[in-house]
Amino acid sequence: MQSENGFKKQRFHTGNKVLVKWILSGCFILLLPMACIIANFFYTKELLTKKIDEANRVTLAGLRNSIDIQLQSILDVSQNIIMNTTFSNRVLNARNENEFLNRMQDCQQFLKNYKQLNRNIDIFIYFPNRDFIVTPETANNSFFLYNTIATTTKSSRNITYDTWKELLKEQVKNSFFIDSQYSYTNYGIDSIVFSISSPFIYQAKNQFNVFTSVPCTFLNELLKDNEGSTIRLLSKDGEVLTSYGKDLKIYDIPEDGFIPPDTNSGYTLVRIDGADYVCSYEQSSVTDWYYAIYTPNSLFLKETIHLRNASILTILVTLLLGISSIIYLQIRNYRPIGKLVEIVPSDLKKPNHNEFELIEKYYNTLYEENRTMKTKIQSQKNYAKEIFLLSRLKGRRFHLSDSDVSEYLEWEQDNKLFSFASFHLNQNDKEISAMHFDLLEFSVDNVMNEIFGRTYTFEKVTDEIFFVYIFSFENKEDSILSWETDCISKFQQVYEFFRDKFQINLSITVGNLFENFENASDYYNEILDAFEYRYVVEQYGVIFTQTLETMDFSFAERLQNHRKDLIISLTKKDIDKTTAHIQRLFEELESTNEPFLMLKYYILSITSELLLTFKNTGNYYSYTEDGSTKKTPSGHLETHLQHLAHSTSMSQAHKEFTLVLKLLCAELDDTTDAENTLSEDYGFIAKIKAYVEEHYSDPNMNISSISEAIGLNPKYMSRLFKDATSEGLLVYINLIRITHAKKLLQETTSTIDEIAEKTGFTNSRSFRRNFLKLVGMNPTDFRK
Numbered sequence: 044m045q046s047e048n049g050f051k052k053q054r055f056h057t058g059n060k061v062l063v064k065w066i067l068s069g070c071f072i073l074l075l076p077m078a079c080i081i082a083n084f085f086y087t088k089e090l091l092t093k094k095i096d097e098a099n100r101v102t103l104a105g106l107r108n109s110i111d112i113q114l115q116s117i118l119d120v121s122q123n124i125i126m127n128t129t130f131s132n133r134v135l136n137a138r139n140e141n142e143f144l145n146r147m148q149d150c151q152q153f154l155k156n157y158k159q160l161n162r163n164i165d166i167f168i169y170f171p172n173r174d175f176i177v178t179p180e181t182a183n184n185s186f187f188l189y190n191t192i193a194t195t196t197k198s199s200r201n202i203t204y205d206t207w208k209e210l211l212k213e214q215v216k217n218s219f220f221i222d223s224q225y226s227y228t229n230y231g232i233d234s235i236v237f238s239i240s241s242p243f244i245y246q247a248k249n250q251f252n253v254f255t256s257v258p259c260t261f262l263n264e265l266l267k268d269n270e271g272s273t274i275r276l277l278s279k280d281g282e283v284l285t286s287y288g289k290d291l292k293i294y295d296i297p298e299d300g301f302i303p304p305d306t307n308s309g310y311t312l313v314r315i316d317g318a319d320y321v322c323s324y325e326q327s328s329v330t331d332w333y334y335a336i337y338t339p340n341s342l343f344l345k346e347t348i349h350l351r352n353a354s355i356l357t358i359l360v361t362l363l364l365g366i367s368s369i370i371y372l373q374i375r376n377y378r379p380i381g382k383l384v385e386i387v388p389s390d391l392k393k394p395n396h397n398e399f400e401l402i403e404k405y406y407n408t409l410y411e412e413n414r415t416m417k418t419k420i421q422s423q424k425n426y427a428k429e430i431f432l433l434s435r436l437k438g439r440r441f442h443l444s445d446s447d448v449s450e451y452l453e454w455e456q457d458n459k460l461f462s463f464a465s466f467h468l469n470q471n472d473k474e475i476s477a478m479h480f481d482l483l484e485f486s487v488d489n490v491m492n493e494i495f496g497r498t499y500t501f502e503k504v505t506d507e508i509f510f511v512y513i514f515s516f517e518n519k520e521d522s523i524l525s526w527e528t529d530c531i532s533k534f535q536q537v538y539e540f541f542r543d544k545f546q547i548n549l550s551i552t553v554g555n556l557f558e559n560f561e562n563a564s565d566y567y568n569e570i571l572d573a574f575e576y577r578y579v580v581e582q583y584g585v586i587f588t589q590t591l592e593t594m595d596f597s598f599a600e601r602l603q604n605h606r607k608d609l610i611i612s613l614t615k616k617d618i619d620k621t622t623a624h625i626q627r628l629f630e631e632l633e634s635t636n637e638p639f640l641m642l643k644y645y646i647l648s649i650t651s652e653l654l655l656t657f658k659n660t661g662n663y664y665s666y667t668e669d670g671s672t673k674k675t676p677s678g679h680l681e682t683h684l685q686h687l688a689h690s691t692s693m694s695q696a697h698k699e700f701t702l703v704l705k706l707l708c709a710e711l712d713d714t715t716d717a718e719n720t721l722s723e724d725y726g727f728i729a730k731i732k733a734y735v736e737e738h739y740s741d742p743n744m745n746i747s748s749i750s751e752a753i754g755l756n757p758k759y760m761s762r763l764f765k766d767a768t769s770e771g772l773l774v775y776i777n778l779i780r781i782t783h784a785k786k787l788l789q790e791t792t793s794t795i796d797e798i799a800e801k802t803g804f805t806n807s808r809s810f811r812r813n814f815l816k817l818v819g820m821n822p823t824d825f826r827k
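At position 309 of the sequence shown the residue is numbered 352 (the numbering used here), and the sequence of numbers has no breaks.
Below you can see the structure in the form of structure tokens.
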């Protein structure tokens with residue numbers, strides 16, 4: 044069974060890719076609330092961590108203040124003892140044992156006074172060289188104190204006497220530390236100790252070490268309101284000095300434990316014994332210790348975890364119900380799409396395409412087929428319209444009724460005004476004529492649509508070398524006035540665009556307005572007549588046929604007499620009389636009020652008649668490369684004829700016309716003036732070539748700079764060079780540059796960019812383009 048479009052229907056299973064995507068998308072949407080709850084849990088956890096840190100910081104401030112007060116007190120007492128000259132002099136200046144023992148009694152009293160000022164502080168002075176200890180409670184040798192510590196403090200000794208004595212003898216640094224061995228009354232209790240040695244050396248035997256301490260038991264008082272937390276005193280390297288509160292195995296520092304950063308305070312998250320803790324820390328203002336409080340997260344997250352679990356359970360139930368509903372609804376909504384897929388032709392179906400891609404591909408195929416068909420119909424219609432319009436321009440009949448022309452060709456003729464505008468490219472310029480005709484046609488169409496398309500309606504036909512635009516508009520007075528006002532400036536704008544942007548001189552001829560399109564051939568003939576005139580005088584730009592209708596030939600009879608006189612003088616080869624007749628002819632022409640183009644037309648017509656008369660009898664001369672003259676059949680007569688055709692003033696036309704006639708009538712021995720003129724022209728050519736050869740590497744060299752150096756008008760110089768060499772000056776400049784570039788490519792290892800710069804090209808892209816154009820291959824291939 045086949046469908047109406049000829050495709051065979053066939054069921055095609057694509058795996059229901061779209062349906063699966065719909066269901067997965069719905070499930071993904073349902074999962075979003077669960078993701079939000081989980082994200083909210085982690086956000087709450089982070090927020091609680093900050094709140095814990097804030098609470099810890101309040102406790103930590105009190106902790107630091109209390110400890111720092113104790114540390115400062117210990118430090119002050121130690122420094123006062125050392126710096127007290129009375130105490131130091133009495134201790135250090137003892138001369139014998141009896142004097143030393145007597146003074147130790149005074150020393151004990153001195154320390155007792157300090158003890159009374161701060162009962163928490165314990166002072167312990169050890170004389171290593173005398174093995175003698177002084178405390179506020181007693182003064183005796185170290186062995187005696189070691190034996191009485193157990194009874195005095197009711198603490199068991201955990202080290203031997205020798206070990207304890209060695210501890211007391213160790214070199215003392217001015218630093219804080221925590222230990223239980225440097226106190227008499229608080230022996231066995233962890234205490235904060237500051238050790239310092241006597242800086243005064245009179246008798247080495249009397250040197251002493253001072254150990255000032257305070258027990259750490261006051262830290263437990265600070266944790267009464269922080270149940271479950273732990274206080275740690277840490278060194279600057281993260282070593283645990285002591286710990287109070289919950290036991291966290293203070294001697295087992297975890298790998299991710301607390302390591303103080305460069306800052307003085309902050310918080311970090313650590314994991315100890317499998318539990319997460321918030322560690323808030325601050326640095327002491329007295330020493331380089333850190334005070335840290337470890338608070339377990341579990342104390343604050345219990346309610347949050349319960350809420351999270353309840354929410355997840357609720358969402359799971361909702362998710363199951365939602366997924367079931369989505370599957371049912373999507374299957375139901377998919378049915379129309381499945382029916383559309385069934386009608387897609389089998390040759391368009393690919394297993395890797397989903398349903399929407401198949402439908403889109405089928406729709407695009409139908410759209411392209413429809414567009415192609417419309418394009419063909421429109422192309423045929425445009426072709427038929429162009430044939431119809433061209434046949435009317437040529438005066439031929441096109442067998443279509445007016446209704447067919449109006450309906451099928453969409454060309455209205457009733458109550459319309461028409462006008463022609465033809466475009467012609469200057470075919471004499473070899474550089475420009477090489478441009479592709481189709482490209483020029485495309486460019487002209489775009490510019491015309493841009494300038495005229497918004498205001499006027501027109502059609503275009505191509506008649507061999509012409510682009511002909513047929514304008515049509517309403518037969519109203521305001522339309523006529525608008526056309527006569529706008530068309531001059533708009534066509535001039537088109538001409539100037541191609542002249543300035545692309546150096547292309549277009550010949551644009553605009554015809555008269557007419558009403559009856561049946562008479563189109565008559566008005567088109569006016570366009571062709573105007574073109575013939577422009578071709579003779581080589582006039583570019585915009586011209587209107589109505590201006591050519593005003594040409595006045597009333598003085599033609601007078602000019603005929605000048606023609607006769609010139610023929611007689613040329614026959615006799617009388618240069619003087621010929622020159623006199625030329626002078627009278629130009630005086631006659633200049634006395635009229637005719638425009639220069641029309642006068643130039645008269646001069647060219649006389650020249651044409653004289654050339655036809657003396658075609659086979661004249662002796663023509665040319666200027667050779669070695670500077671001599673020789674007779675030739677044509678010589679450089681053609682060159683001066685071109686100069687005459689391109690003349691832009693009466694003086695220039697006078698000069699070139701005189702040279703042409705002198706070449707016609709002069710014998711070899713009597714051609715001094717003509718020969719000098721030719722020699723002068725070739726002298727300019729030689730100067731131009733020498734200048735180009737000398738300055739080819741200058742990227743700023745152009746026609747203007749050359750004309751300024753030579754002393755000629757740029758336009759005249761370009762024509763003079765082209766007439767003499769048969770090639771444009773710009774082409775010659777590029778040829779010289781490419782010649783030197785070829786030499787550099789063969790003889791040097793310079794890069795393409797360097798060679799482009801050395802030969803005067805502004806960039807390597809321009810160099811490559813010109814090289815390919817003149818050599819036929821790119822520079823890289825040429826070098827190989």
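Ideal placement from N, C-alpha and C gives every residue a C-beta, glycine not left out.
Test item: CB-CB of Ser131 and Ile164 under 8 Å: Locating residue 131 in the sequence shown gives position 88, counting from the first residue. Locating residue 164 in the sequence shown gives position 121, counting from the first residue. No, these two residues do not count as a Cβ contact at 8 Å.
Exposure label - Ala82; buried when at least 16 CB within 10 Å: On the sequence shown, residue 82 is found 39 positions in, with the first residue counted as 1. Label assigned to Ala82: exposed.
Inter-residue spacing [alpha-carbon to alpha-carbon] between Val253 and Phe167: By 1-based counting over the sequence shown, the position of residue 253 is 210. By 1-based counting over the sequence shown, the position of residue 167 is 124. Between the C-alpha atoms of Val253 and Phe167 there is a straight-line separation of about 6 Å.
Closest Cα partner of Thr330 within the set Arg107, Glu140, Asp481: Stepping through the sequence shown from its first residue, residue 330 is reached at position 287. With distances taken between Cα atoms, Thr330 lies closest to Arg107.
Glu630, enclosing alpha helix (DSSP H) - first and last residue: The residue given as residue 630 occupies position 587 in the sequence shown. 618-633 is the span of the alpha helix (DSSP H), which, as asked, contains Glu630.
Limits of the unbroken beta strand (DSSP E) element including Pro339: Reading the sequence shown from its first residue, position 296 is the one you call residue 339. Per DSSP, the continuous beta strand (DSSP E) segment holding Pro339 begins and ends at 333-339.
Within-8 Å CB hit, Tyr759 to chain D: No chain D is part of this structure, which consists of one protein chain only.
Delimiting residues of the alpha helix (DSSP H) encompassing Phe560: For the purposes of this step, residue 560 is taken as residue 517 along the sequence shown, with counting starting at 1. For Phe560, there is no enclosing alpha helix (DSSP H), as DSSP marks it with neither H nor E.
Minimum C-alpha distance to Leu556 - residue among Phe541, Val487, Ile586, Asn518: Sequence index remark: in the sequence shown, residue 556 carries index 513 (1-based). The residue with the shortest Cα to Cα distance from Leu556 is Asn518.
Bounding residues of the alpha helix (DSSP H) (the contiguous stretch that carries Lys459): Position 416 of the sequence shown, counted from the first residue, corresponds to residue 459. Here Lys459 belongs to no alpha helix (DSSP H); instead the beta strand (DSSP E) covers 459-468.
Burial state of Val257 (16 or more Cβ within 10 Å): In the sequence shown, residue 257 corresponds to position 214, counting from 1. Residue burial annotation: Val257 is buried, with at least 16 other C-beta atoms found within 10 angstroms of its C-beta.
Under the three-state DSSP convention, the category Arg314 falls into: As a first step, residue 314 must be located in the sequence shown, where it is residue number 271. In the displayed model, Arg314 falls within a strand according to three-state DSSP.
Three-pair Cβ contact test at 8 Å for the segment 798-810 versus the segment 750-769: No, the segment 798-810 does not touch the segment 750-769.
Pro379 (DSSP reduced to helix, strand or coil): The sequence position of residue 379 within the sequence shown is 336, counting from 1. Reduced to three states, the DSSP call for Pro379 is helix.
C-beta atoms of Ser328 and Tyr334 nearer than 8 Å: If you number the sequence shown from 1, residue 328 lands on position 285. If you number the sequence shown from 1, residue 334 lands on position 291. Contact: no.
Contacting residues, own chain, Cβ-Cβ under 8 Å from Ser234 (five flanking each side not counted): Counting from one through the sequence shown, the residue named residue 234 turns up at place 191. Only residues of its own chain outside the window of five on either side were considered, and among them Asp165, Ile221, Asp222, Ser223, Tyr225, Ser226, Ser256, Val257, Pro258, Cys259 have a CB closer than 8 Å to the CB of Ser234, listed in chain order.
Cβ-based burial, Ser121 [other Cβ within 10 Å; buried from 16]: Start at 1 with the first residue of the sequence shown, and residue 121 comes out as number 78. Burial call: buried.
Cutoff 8 Å; reference Gln373; Cβ partners in own chain excluding five residues on either side: Here residue 373 is taken as the residue at index 330 of the sequence shown, counted from 1. Here the set comprises Leu62, Trp65, Ile66, Gly69.
Of the listed residues Ile369, Ser368, Glu400, Leu363, nearest to Gly381 (C-alpha basis): As a first step, residue 381 must be located in the sequence shown, where it is residue number 338. Considering only alpha carbons, the answer is Glu400.
Three-way DSSP call (helix, strand, coil) for Ile235 in this model: Sequence index remark: in the sequence shown, residue 235 carries index 192 (1-based). In the structure shown, Ile235 sits in a strand (DSSP, three-state: E or B).
Option in Ser807, Ser694, Thr701, Ser692 with minimal Cα separation from His683: Translated into the one-based positions of the sequence shown, residue 683 becomes position 640. Of Ser807, Ser694, Thr701, Ser692, the residue nearest in Cα terms is Thr701.
Lys503, enclosing beta strand (DSSP E) - first and last residue: Residue mapping note: residue 503 aligns to position 460 of the sequence shown, counting from 1. 500-506 is the extent of the beta strand (DSSP E) around Lys503.
Within 8 Å, strictly: CB atoms of Val487 and Phe509: Along the sequence shown, read from residue 1 onward, the residue named residue 487 stands at position 444. Along the sequence shown, read from residue 1 onward, the residue named residue 509 stands at position 466. No; because the gap between Cβ atoms is not below 8 Å, this pair is not in contact.
DSSP beta-bridge partners of Ser550: On the sequence shown, residue 550 is found 507 positions in, with the first residue counted as 1. Per DSSP, His467, Gly584.
Beta-carbon proximity check, Gln151 vs Pro179, cutoff 8 Å: Your numbering for residue 151 matches position 108 in the sequence shown. Your numbering for residue 179 matches position 136 in the sequence shown. In this structure, Gln151 places its C-beta atom within 8 Å of the C-beta atom of Pro179.
7 Å Cβ shell around Phe814 - same chain, five flanking residues per side excluded: Here residue 814 refers to the residue found at position 771 of the sequence shown. Correct list, in chain order: Ile781, Ala784, Asn821, Pro822.
Residue range of the beta strand (DSSP E) that includes Asn813: Residue mapping note: residue 813 aligns to position 770 of the sequence shown, counting from 1. Per DSSP, Asn813 belongs to no beta strand (DSSP E); it is in the alpha helix (DSSP H), 807-818.
Candidates Gly726, Asp96, Ser793: closest to Arg312 by CA position: Taking the first residue of the sequence shown as position 1, residue 312 is located at position 269. According to the sequence displayed, residue 312 carries Leu and not Arg. Ranking Gly726, Asp96, Ser793 by Cα distance to Leu312 puts Asp96 first.
Span of the beta strand (DSSP E) around Arg275: Translated into the one-based positions of the sequence shown, residue 275 becomes position 232. 273-277 is the span of the beta strand (DSSP E), which, as asked, contains Arg275.
Element boundaries [beta strand (DSSP E), containing Glu517]: For the purposes of this step, residue 517 is taken as residue 474 along the sequence shown, with counting starting at 1. Taken as a continuous stretch (DSSP letters only), the beta strand (DSSP E) holding Glu517 covers 509-517.
Nearest to Phe825 (by Cα), restricted to the options Lys786, Asp796, Tyr189: The sequence position of residue 825 within the sequence shown is 782, counting from 1. Ranking the options by Cα distance to Phe825, first place goes to Lys786.
Distance between Asn745 and Arg497 (C-alpha atoms, nearest Å): Here residue 497 corresponds to residue number 454 of the sequence shown, with the count starting at 1. Here residue 745 corresponds to residue number 702 of the sequence shown, with the count starting at 1. Each residue's Cα considered, the two are about 39 Å apart.
Cut-off 6 Å between Cβ atoms - residues of its own chain near Arg812, not counting five sequence neighbours on either side: Working through the sequence shown from its first residue, we reach residue 812 at position 769. Contacts found: none.
Residue environment, Ser809, which counts as buried when at least 16 other CB atoms sit within 10 Å: One-based indexing of the sequence shown puts residue 809 at position 766. Counting Cβ neighbours within 10 Å, Ser809 comes out exposed, since fewer than 16 surround it.
Asn183 versus Ile176: straight-line alpha-carbon distance, rounded: Position 140 of the sequence shown holds residue 183. Position 133 of the sequence shown holds residue 176. Our two residues, Asn183 and Ile176, have alpha carbons roughly 6 Å apart in a direct line.
Cα-Cα separation between Ser185 and Lys94, rounded to whole angstroms: Counting from one through the sequence shown, the residue named residue 185 turns up at place 142. Counting from one through the sequence shown, the residue named residue 94 turns up at place 51. Distance between Ser185 and Lys94, taken at the CA atoms: about 52 Å.
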